[in-house]
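Count the sequence shown with this note's numbering and you get residues 8 to 489, in order. All residues carry an ideal CB built from backbone N, CA and C; glycine is no exception. Working notes, structure below.
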Amino acid sequence: MDDDIEEYIITGIKNLYKEGYIYTVIPTNINKNVDLKITKFKSNIKLNLYAKIKYRVQEQNFDIISNKDYNKVTKVEYEDIIQKFIENISTFINDEKSSDLNIKNNILNKLTVNMLSDLKEIALIIIKHAITGAPIIIRFHNDSDGSSGALALYKALVVLFGQKYSSIENLSIFWRLNKSIKYSMEEFYEDTVLFELYTTVEKPTVIIIDFGTTPESEDTISLANNYNIIILDHHPVYERFPVSKLTKYINPWNYSGDSNYTAGFLVGVLAKIIIGNNIKIIDKLMSASLIGDHSIYADINDKEAEKISNVLDYLTGKAQSFSIEKTLGNIEDESKLKMMFIHSTRIFEEALNSSLKYIRHYTGYNGTNIFVLDFNHVERIEEDFPLPGRFSTKLHDNLESLNGSNITIVHYGNYISLRISSNILDYIDIMKTFEKLKSINKNIYSFGGHKSAASVRINKFYITSVLKNLLELLGVTNIKKF
Ligand SMILES: [Mn+2]
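Right under this line is the structure:
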């Protein structure tokens, strides 16, 4: 081969229709010094996957020599090239030290060790997709846990690809704030439309963070045969959840852990596997995810993480679109973080104060305090903020600090959400209560959640009868009026 010509193969094609095509290529000649760079070029000429392309180094120009079949590499040859590529890139994944992720809590560290080899596989899939141009859609739950995970992964990819070689926008990775806890048909079609623009050697992939483990995702999961689905969740797994249809399913429940190992923490570990231990914001995001989801491992003395968690709760709860790039910028900037923390705290407090006089109080088993609020009474200072779910959590925390442990029930349209203090969980199993509720009241559609934060979907025209039955199951007697 000439000194100033390098050979590449086409691994990804994005169809821009009238504007031509964007090709992602990787070098065929892999040596020890291979750069982890994303190489793309635009052309009006239609080329095929695996076709060989010449790059003239001096002219910095891709030269399309031939698109004939005899000038293509085979799939087997491609596998060989990509394998060498992955082996030679110097990321933390191939590093001996990658089993030491600097996780201080012993239980969290032990669980992490259990999941490490599976997480490494996912890290490799992400890197392989990025360098070959296959699209990845990352869907994350719209709360501080889900978004902490997404931000940690985003940060790792920015450092890995963004600074050194090319801009992060060059990657075919898309970030989507998911408004519910299911991977719905609507989102499935949205993802399919985006994936259809691409022809790639690696399968398009959806990565789901902090949601998805629900019967309402099952139809979508079984339809998505043309792409990979990877779920990183920590919600309780149920028996018939179709794990075998997923490319990868990592949930601490399946590795002798539980929901206290949060999804944001899990994806933070994935980010560390990709980029290493030395990025402070990744550790802060992992800590914020534990605080956001009220994990028993949360470090309540970590004030910076607490700020991040609160601000993320605020930003992900807004109706307006969420920018991952802007959000990372805001939380990495100390003065911006402080300002947004003050603002979001004030907004929450105003909403809480507006609701206090509408809260009804009941007494259940063991003298348990039960508070009930109709969310329609909450004054929403900014459009669509706060959302009922995160409002319930804040209200519960607030009532807990004022009155001690309690069950906080907030109802809104078709939903009733419950927040339960940890010591009450010793004598009330909320999932069992919901099962009983469903058996005695036919207006219950579905229910789900953690032990301490759960919700029921109901026929809203029967809210009164459902609430009455629910309170009775929680041990309330003498329910007079609704
Ligand atoms: Mn979570």
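Burial state of residue i (16 or more Cβ within 10 Å)
i	result
Thr484	exposed
Lys171	The predicted position of Lys171 is uncertain, since its pLDDT is 44 and thus under 50; no value can be drawn from it.
Asp240	buried
Arg426	buried
Gly153	buried
Tyr86	With the sequence shown as reference, residue 86 is identified as Glu, and Tyr is not the correct amino acid for it. Classification for Glu86: exposed.
Lys82	exposed
Lys345	exposed
Glu26	exposed
Arg247	exposed
Ile249	Note on residue identity: the sequence assigns Pro, not Ile, to residue 249. With fewer than 16 Cβ atoms within 10 Å of its Cβ, Pro249 is classed as exposed.
Arg63	exposed
Pro259	buried
Lys439	exposed
Thr471	exposed
Glu209	buried
Asn317	buried
Asp320	buried
Ile349	exposed
His457	buried
Glu332	exposed
Closer than 7 Å: residue i CB and nearest ligand 1 heavy atom
i	result
His148	yes
Asp320	no
His301	no
Asp217	yes
His241	yes
Ala157	no
Gly265	The displayed chain sequence assigns Asp, not Gly, to residue 265. Asp265: no, Cβ never under 7 Å from ligand 1.
Gly275	no
Asp198	no
Asp433	no
Gly153	yes
Residue interval of the alpha helix (DSSP H) (run including residue i)
i	result
Leu363	Neither: Leu363 is in no alpha helix (DSSP H) and is coded neither H nor E.
His136	113-139
Asp309	Element bounds for Asp309: n/a, residue is neither H nor E.
Phe441	437-447
Val463	Taken as a continuous stretch (DSSP letters only), Val463 belongs to no alpha helix (DSSP H), being part of the beta strand (DSSP E) at 460-465.
Ile470	470-480
Lys189	Per DSSP, Lys189 belongs to no alpha helix (DSSP H) and is neither H nor E.
Asp152	151-164
Whether residue i touches residue j by CB criterion (8 Å)
i	j	result
Tyr162	Leu335	It is worth fixing the name first, because residue 162 is Lys in this sequence and not Tyr. Against a cut-off of 8 Å, the Cβ pair of Leu335 and Lys162 comes out as a contact.
Ala141	Gly19	yes
Ile289	Lys279	yes
Tyr245	Val213	no
Leu54	Ile16	no
Ser362	Ser155	no
Phe398	Ala461	no
Lys475	Ile486	yes
Ile377	Ile414	yes
Leu204	Lys49	no
Thr323	Asp150	yes
Ile29	Lys47	yes
Ser187	Thr227	no
Lys325	Asp391	yes
Leu145	Leu160	Per the sequence presented here, residue 145 reads as Ile, with Leu not at that position. Cβ atoms of Ile145 and Leu160: closer than 8 Å.
Thr221	Gly455	yes
Range of the contiguous beta strand (DSSP E) that encloses residue i
i	result
Asn285	Careful: Asn285 lies outside any beta strand (DSSP E) and carries neither H nor E.
Phe202	No beta strand (DSSP E) contains Phe202, which is instead part of the alpha helix (DSSP H) from 192-202.
Ser330	That residue, Ser330, is in no beta strand (DSSP E); it is neither H nor E in DSSP.
Asp87	No beta strand (DSSP E) contains Asp87, which is instead part of the alpha helix (DSSP H) from 82-95.
Glu225	From DSSP, Glu225 is part of no beta strand (DSSP E) but of the alpha helix (DSSP H) over 225-230.
Leu184	180-185
Gly27	Note, Gly27: premise wrong, no beta strand (DSSP E); not H, not E.
Lys59	59-63
Phe48	46-50
Lys53	Lys53 -> no beta strand (DSSP E), and no H or E assigned at all.
Tyr452	451-456
Thr207	205-207
Tyr15	12-22
Asn68	68-70
Proximity test, residue i beta-carbon vs ligand 2 heavy atom, cut-off 7 Å
i	result
Ala270	With respect to small molecules bound, the structure shown includes ligand 1 and not ligand 2.
Contained alpha helix (DSSP H) runs [length at least 4] in the segment 240-283, N- to C-terminal order: Along the length of the segment 240-283, whole alpha helix (DSSP H) runs at least 4 residues long occupy 270-282, reported in chain order.
Contained beta strand (DSSP E) runs [length at least 3] in the segment 354-434, N- to C-terminal order: With a minimum length of 3 residues, the continuous beta strand (DSSP E) runs that stay inside the segment 354-434 are 367-370, 376-381, 413-419, 422-427.
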